[in-house]
Amino acid sequence: MKYYGTTVGKSEQRVDVVGKATGKVKYVGDYHVPGLLHAKLVTSTEAHAWIKSIDTTKAWEVPGVRAIVLGDAFPYHIGPILADRPPLAFKKVRYYGEPIAIIVADSEHQGKLAASLVEVEYEPLPVVNSVKQAFGPDAPIIHEDLGNYTKIISNVYPVPGTNIGSHIKIRKGDFATAWAACEETISATYSFNLSDHAAMETRSTSVEINPDGKVVVHSCTQSPYTIKKVLNQFFNIEVGDVVVHVPVVGGAFGGKGTVQLEPLAYLASKAVGGKMVKLQYEREEDMITAPCHIGVDMTIKLGATKEGEILAGQYTFLIDAGAYTDQAAGITRAMALDCTGPYHIPHVWCDSYCMYTNHPFATSFRGYGHPELTFGIERTMDKFAKQLKIDPVVLRLKNAIKPGHTSPTQSILTAHNIGDAAKCIERAKELIEWDQNKETLVDENIVRSKGISLFWKTSTTATNAQAGVVLTFEADGTLNLNCAAIELGQGTKTVLAQIVAEKLQMNINDIHVNMEVNTQYDPHQWRTVASSTTFLAGRAALLAAEDAIRQLKKTAAIALQCSEEDLEVGGSRVYIKSNPQHAIPFKDVSYGYKFPNGHAVGGQVVGVGTYIQKHLTPMDKETGFGDVGPWWSVGAQAIEVEWNKRDCTYKMLRAVTVLDGGTILNPRAAEQQMRGGMFLGLSWASTESFVFDESAITQNPNFRNYQMIRFGEQPTEYLVDFVETPAADGPYGARGIGEYGVIGAAAALGNSLSRAADVELDHLPLIPELIWQTKKESGR
Amino acid sequence: MIVSNATDKTVKKLLINGQSHDVVIRSADLLLDTLRSQLGLTGAKPGCGNGDCGACAVVVDGKPMHSCLSLTIEAVGKSITTIEGLQDSPIQKAFIENWAIQCGYCTPGFIMNCYALSETYPDADDETIEEWMQSNLCRCTGYQEIKEAVKTILQIKKDQRPAQ
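Same order as they appear, the protein sequences are chains F and C. Using my numbering, read the first sequence as starting at 1038 and increasing by one per residue. Using my numbering, read the second sequence as starting at 3 and increasing by one per residue.
The following block contains the structure:
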């Protein structure tokens, strides 16, 4: 017998889509409250300087100004991994755009006017304008006090007296001996500057401090519970006194995972007696005052047999964290622990450095270091294939990781925790028609060319990362789904509803999904990052549904006068397995069962489930040894471009992603994620970068000058397919997929353009000028 | 630095979504801010404050406008349509059915621009579509589904016209 709600694997429409199409859904900046005060920031006009004096006299003369907060109001350091950043600069500024003062005013325009009238006198210092310079022996030191900063997590290793914010090592096998025995070797260096997330919604928050001591935060964050933690850790507020509200978020891409804005708004509210203060970044601030996307300089060395069996790899990453380590310290670790890419390399030596520079500071970006890492790995694989005279796909297949191999941190890979890399690349090959004309001359000036990449990523969560789901039943037998996963465009709450509907065998339309998060009544969720929600919250949703089923059966057993074991649920009814006609609808048990004489039993059905990561460990300081993630998703990407020899411009034609996402719970939503991911990766790779002048001043912190792919410039066609090797641990066999569409895009584009232009393109963004310059320098 | 010192406020009438509304404005107030904070019409979004992203697009006298670059005072006497004035329209349906929405922040701007396009150039070719839609940025979708939604609407318009 077929019941309603067999919904997993079906393209259920997103639960929030009507509200979004009609403009009715509210983002945090859409709430207006009478009496709300506005905060505006004074930001640094220097990238590295001592602050000699701050004169606020003229600013105070602006009508409507209620408070001006300076760095000495909170002269301490905060940070998610290493506490190295004062929320408001004091004594020193370390990047252009760093907050120096907060103006609190009745209206935004008064605040802005006052901010422009604060006079800051600087004593400029020499700037550190690249990671190479930062790593060099004579670099100016950006953090004099590096040795005294508090470590917030264990895996961070700053080197006092240098600009190294953290140094992560991987030592697997015997690299030196293996390297000496390699018949063929290659060494290559890649680099690119910092860039931005550029979510369409700029970061925004409001904070008030109630007379009873409760701090109420509204924010567009990916990490509401981290806001609670930060206000507790650094501002000594009891965790239970902080309530964070998060409505739907207007795009995040990792940029809203860290906590920057809320401490500033807290200090602003405190300065005006706890009144509600709103702080919403303008686009320029969102790009450089708020944390951005890392830059990298990396050197990759591979050694192999003549036949192309890779034996040894050495990886040196200099990660441009900007002025503060923030999540770049975690990315330094993430790039190290997956440094080989999805290849079986027995002898590995990796040094991953989180470097301070005087650039805007960086945080997580969709893929957490993997799109950046993959650009280097996959460009090197293509070059090595050329050197070894092997087809690039064949070289990849020869070395692709498989169950039985180990990761760089020596985690044992099994059929259950790693997908099928070989299947992914084979399918990508078919979709891009790899074997037919990797390179074609369309006419005398136009070359068509293809590039391919293979990638992987594990989900590096905290070892105790967790999520919870609460299902509260309505009197009509429908139910509310409450979970602290943030909806930021990825469709996560739709997928959770599918999981619950599947388990309860009910119609998904009978599940009312609470889109907003309130930390006071939602169960704890670590964060909505690291492609972890479908896994963690999905498992919690399954448990919550099972809990609800137990309660439904218990009450129904009394009503139907049978034992619970005889019962099953489906179609919003509890029925007797052997005689499904004999049933009671959910609505008659969801608030308890009432007998005809008025007596009642049961009570409201409230299903609860929580799930926590298991068996994860930190990494060993000297070797990196450790179990760092629950599973790896692997995938392949490819792109075909049409490159013009005359002006070095190009068009993107077909872009392909094949991902082993385990069971795909919602195919249309998953395809959407892959297309959007490819777009983000290709936009970053083809056009996006901050430009710094010699004083480390960002030249393009706005959408006029910071180029992104616009409508019509995207690939003519996106082709998406999935390999579905079930993950034993995942809900219905699913793995995380949210970040994966981004990861191999830059590498595939770099490989296709390098082939088309017949030069090695090792820097991003791949603008026509770079291709032209590279050709000129190589004399081609 | 030149800063507007116009702090006096006046009451003006705005014609929005077919209804007249009194608003209290300064000469420097932006249409986007007036719509959002005085009238609760928060469908139009601030994205860049510079006319670069189109999230704030509304339709003024039939033309799509960046409401972040329009003074409220300039809109007096004109007919303004916001996303809130387009309920159950075929365009909204097309965006839903083509899966052209993810985070939703750029959606009202895209829909308003698309609405104006379909009213102005129901026969728009690919080049015209591209020219119009380039004023709007989306960071989630990669544009393919949005393109399909726009094309769906133009096709519907075409099908609705009496055969000649």
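Beta carbons: idealized from backbone N, C-alpha and C, even for Gly.
Going straight from the alpha carbon of residue i to that of residue j, what length do you get?
i	j	result
F:T1654	F:A1522	24 Å
F:A1360	F:K1129	11 Å
F:A1783	F:L1790	11 Å
F:V1532	F:M1543	14 Å
F:K1624	F:H1549	15 Å
F:D1547	F:I1137	50 Å
F:N1230	F:Y1133	15 Å
F:V1760	F:N1634	57 Å
F:L1125	F:F1111	8 Å
F:Y1630	F:T1592	7 Å
F:S1496	F:T1258	19 Å
C:D35	F:T1239	16 Å
C:Y117	F:T1451	52 Å
F:P1397	F:K1426	42 Å
F:A1076	F:P1100	14 Å
C:S81	F:G1060	19 Å
F:P1284	F:E1158	40 Å
Any beta carbon of chain C sitting closer than 8 Å to that of residue i?
i	result
F:V1286	yes
F:V1062	yes
F:T1059	yes
F:G1066	yes
F:E1156	no
F:F1006	No information on residue 1006 of chain F is available, as it lies outside the stretch 1038 to 1817 that chain F covers here.
F:Y1041	Low confidence applies to F:Y1041: its pLDDT is 38, below 50, so where it sits in the model is not reliable enough to give any reading.
F:N1739	yes
F:Q1810	no
F:M1715	yes
Taking the DSSP output, what are the residues bridged to residue i?
i	result
F:F1716	BP columns for F:F1716 are empty, so no partner.
F:C1391	F:S1203, F:I1356
F:W1386	F:R1208, F:Q1351
F:D1334	F:S1228, F:L1355
F:K1077	F:I1140
F:T1495	F:W1669
F:D1758	F:V1695
F:F1510	F:L1516
F:N1555	F:H1282
At a Cβ threshold of 8 Å, is residue i touching chain F?
i	result
C:Q162	no
C:G64	no
C:N100	no
C:I18	no
C:I158	no
C:T109	yes
C:C105	yes
C:A59	no
C:Q136	yes
C:L34	no
Quick one: is residue i buried, meaning 16 or more other Cβ sit within 10 Å of its Cβ, or exposed?
i	result
F:F1632	exposed
F:G1726	Correcting the residue identity first, residue 1726 of chain F is Ser in this sequence and not Gly. Result: buried.
F:A1399	buried
F:M1038	With a pLDDT of 34 at F:M1038, under the threshold of 50, the predicted position of this residue should be treated as unreliable, though the coordinate-derived value follows. Under this definition F:M1038 is an exposed residue.
F:H1180	buried
F:G1042	Any answer about F:G1042 is weak, because its pLDDT of 45 lies below 50 and its placement is not dependable; what the coordinates show is given next. The residue in question, F:G1042, is buried, as its Cβ has 16 or more Cβ neighbours within 10 Å.
F:A1213	exposed
F:V1819	With chain F covering 1038 to 1817 only, the question about residue 1819 of chain F has no answer from this structure.
F:A1217	exposed
C:A22	Residue 22 of chain C is actually Ser in this sequence, not Ala. C:S22 should be labelled exposed.
Just checking residue i against the ligand NAP - is the residue's beta carbon closer than 7 Å to any of the ligand's heavy atoms?
i	result
F:A1458	Absence of the ligand NAP from the depicted structure is noted, as is the absence of any ligand whatsoever, leaving it without description.
So which residues of chain B does residue i contact, with C-beta pairs closer than 7 Å?
i	result
F:A1783	Of the chains in the structure shown, none is chain B; the protein chains are F and C.
**Study point:** Residues, ordered as in the chain, of the stretch 1571 to 1594 of chain F that lie near chain C by beta-carbon distance below 8 Å
**Key:** Interface annotation for the stretch 1571 to 1594 of chain F against chain C: empty, criterion Cβ-Cβ distance under 8 Å.
Check your understanding: Can you list, in chain order, the residues of the stretch 41 to 54 of chain C whose Cβ is nearer than 9 Å to any Cβ on chain F?
Key -> Residues are counted here when their Cβ sits less than 9 Å from a Cβ of chain F; for the stretch 41 to 54 of chain C these are G42, L43, T44, G45, A46, K47, P48, G49, C50, G51, N52, G53, D54, given in chain order.
Practice item. Mind checking the stretch 114 to 129 of chain C against chain F and listing, in chain order, the residues whose C-beta falls within less than 7 Å of any C-beta there? Key: Here the close residues number zero.
Exercise for review: With 8 Å as the limit, tell me which residues of the stretch 1237 to 1248 of chain F have their beta carbon closer than that to any beta carbon of chain C; keep them in chain order.
Suggested key: So the list reads M1237, E1238, T1239, given in the order they occur along the chain.
Point to revise | Near-chain F residues of the stretch 71 to 93 of chain C (beta-carbon distance less than 7 Å), N- to C-terminal order | key: Answer set for the stretch 71 to 93 of chain C: I85, E86, Q89.
Practice item. Closer than 8 Å, Cβ to Cβ, to anything on chain F: give me those residues from the stretch 142 to 154 of chain C, in chain order. Key: If the cut-off is 8 Å between Cβ atoms, the stretch 142 to 154 of chain C has C142, T143, G144, Y145, Q146, E147, I148, K149 near chain F.
Check your understanding: Going along the stretch 1305 to 1330 of chain F in order, which residues come within less than 7 Å of chain C, judged by CB to CB distance?
Key -> Of all residues in the stretch 1305 to 1330 of chain F, E1319, R1320 have a Cβ within less than 7 Å of some Cβ in chain C.
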